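Read in order, the letters of the sequence shown correspond to residues 29 to 273 in the working numbering.
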Amino acid sequence: MPEGDDFYCSMRQLYANETEGTNYTKEWYRHRWRYETSKNYPDENTTCIMAPHGGGIESGTTELALATAGFTDGFNNHPAASETYDYFIFNGTNPTNQNGKLHVTASNFNDPAAIELVQRSVISLAFHGCTDEQPDESTGIGYKACLIGGRDENFKDVLEIQLTGAGFNAYKTKQESLNGDLRANIINRNKQNAGAQFELTTTFRKSLYGVNNRKDRRTSTNADFWLFVNTIRASIKQHRILLAI
Ligand SMILES: [Zn+2]
Numbered sequence: 029m030p031e032g033d034d035f036y037c038s039m040r041q042l043y044a045n046e047t048e049g050t051n052y053t054k055e056w057y058r059h060r061w062r063y064e065t066s067k068n069y070p071d072e073n074t075t076c077i078m079a080p081h082g083g084g085i086e087s088g089t090t091e092l093a094l095a096t097a098g099f100t101d102g103f104n105n106h107p108a109a110s111e112t113y114d115y116f117i118f119n120g121t122n123p124t125n126q127n128g129k130l131h132v133t134a135s136n137f138n139d140p141a142a143i144e145l146v147q148r149s150v151i152s153l154a155f156h157g158c159t160d161e162q163p164d165e166s167t168g169i170g171y172k173a174c175l176i177g178g179r180d181e182n183f184k185d186v187l188e189i190q191l192t193g194a195g196f197n198a199y200k201t202k203q204e205s206l207n208g209d210l211r212a213n214i215i216n217r218n219k220q221n222a223g224a225q226f227e228l229t230t231t232f233r234k235s236l237y238g239v240n241n242r243k244d245r246r247t248s249t250n251a252d253f254w255l256f257v258n259t260i261r262a263s264i265k266q267h268r269i270l271l272a273i
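Laid out in structure tokens, this is it:
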């Protein structure tokens, strides 16, 4: 999350003033629907993963969202995931340090495709990045922390228990600017009106990659990256059992 107010008050305004393919890219995946029966694939599209400030805006979140959604082709030495989720990713593609302008806060994130995907999901999870200094609470030695937010309290509990169990410094935050609890926050616009989100400190995100730049991140993911991603995927599965979906 860049410091200060957003330059654009909505994605609609951003799209009217920036150029896709030059300043930004966006990608999403929605699972197929069977035309003949109007039935979807129920096991797969109940979950939506997002990185609304990916690319150079909150670096490292694009790769985490892709891998969590199960789209790991192009990643180093990792087989394709057997199960994939819907996802939406917006990438800032300006030169380094010129991407803060492309940050539209999650409660103003009115991209139609992103909204549609989230509204169709029961479980939704967003990856965000904060600086090392933005959390008010102590992030512990070395600023390596994963702050859990959103309105889905049960899912947040599962994530906290699983991630701390795996050895990560992960905790639910009450800090207003980082806790993602606004109803209008896009991640809370799913069928439960409650999603979850991470605010990952800069040091935490950097610690997941061997080479931390846009080109090389996904081919230099380390063991911690996969432990983090697989723990989140296990948490999603556990939460789906709780919700009976
Ligand atoms: Zn963000």
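By construction, the Cβ of each residue, glycine as well, lies at the ideal position given by its N, Cα and C atoms.
Nothing here was measured: the structure is a model prediction, and the numbers come from that model.
Go ahead and pull the three-state DSSP assignment for residue 36. Coil.
Excluding the 5 residues preceding and the 5 following residue 232 in the sequence, name in chain order all residues of the same chain whose CB lies nearer than 7 Å to its CB. By the criterion of a C-beta distance shorter than 7 Å, residue 232 is surrounded in its chain by 172, 173, 174, once the five residues flanking it on both sides are discounted.
Confirm, please, whether the CB-CB distance from residue 273 to residue 150 is below 8 Å. One thing to note: residue 150 has its Cβ within 8 Å of the Cβ of residue 273.
According to the neighbour-count rule (16 or more other Cβ atoms, all chains shown, within 10 Å of its Cβ), is residue 187 buried or exposed? Here residue 187 is buried: its Cβ has 16 or more other Cβ atoms, across all protein chains shown, within 10 Å.
Leaving out five residues on either side along the sequence, give the residues of the same chain with a beta carbon under 6 Å from the beta carbon of residue 85. When the five nearest sequence neighbours on each side are left out, the beta carbons in the same chain lying within less than 6 Å of the beta carbon of residue 85 are those of 120, 127, 130, 131, in order along the chain.
Any contact of the stretch 202-217 with the stretch 156-168, i.e. 3+ C-beta pairs under 8 Å? Cβ pair count under 8 Å is three or more, so yes.
Residue 168 versus 220, 125, 196, residue with shortest Cα-Cα distance: Of the candidates 220, 125, 196, the one whose C-alpha sits nearest the C-alpha of residue 168 is 196.
For residue 34 and residue 42, I'd like the C-alpha separation in whole angstroms. For residue 34 and residue 42, the distance between alpha carbons rounds to 11 Å.
Hey, residue 220 and residue 156: beta-carbon distance below 8 Å or not? Cβ distance not < 8 Å, so residue 220 and residue 156 don't count as in contact.
For residue 192, collect the residues of the same chain with a Cβ closer than 6 Å to its Cβ; drop the 5 residues on either side in sequence, then sort them by chain order. For residue 192, where only same-chain residues beyond five positions count, the Cβ hits under 6 Å are 198.
Return the Cβ separation of residue 250 and residue 236 in integer angstroms, given the expectation that the two are a contact with Cβ distance under 8 Å. 6 Å between Cβ atoms; contact.
contact_flag[the stretch 178-187, the stretch 264-272] where n(CB pairs < 8 Å) is 3 or more: These segments touch.
Tell me whether residue 81, by its Cβ, gets closer than 7 Å to a heavy atom of ligand 1. For ligand 1, at least one heavy atom lies less than 7 Å from the Cβ of residue 81.
Residue 266 versus residue 76: straight-line alpha-carbon distance, rounded: Straight-line spacing of the CA atoms in residue 266 and residue 76 works out to 15 Å.
Do residue 210 and residue 135 have their C-beta atoms within less than 8 Å of each other? The answer is yes: Cβ separation under 8 Å.
Using a threshold of 8 Å, state whether the C-beta atoms of residue 101 and residue 57 are closer than that. The answer is no: Cβ separation not under 8 Å.
How long is the line joining the alpha carbons of residue 222 and residue 194, rounded to whole angstroms? Going by the C-alpha atoms only, they are around 25 Å apart.
Beta carbon of residue 223: closer than 7 Å to some heavy atom of ligand 1? At a threshold of 7 Å, residue 223 does not count as near ligand 1, since its beta carbon sits no closer than that to any of the ligand's heavy atoms.
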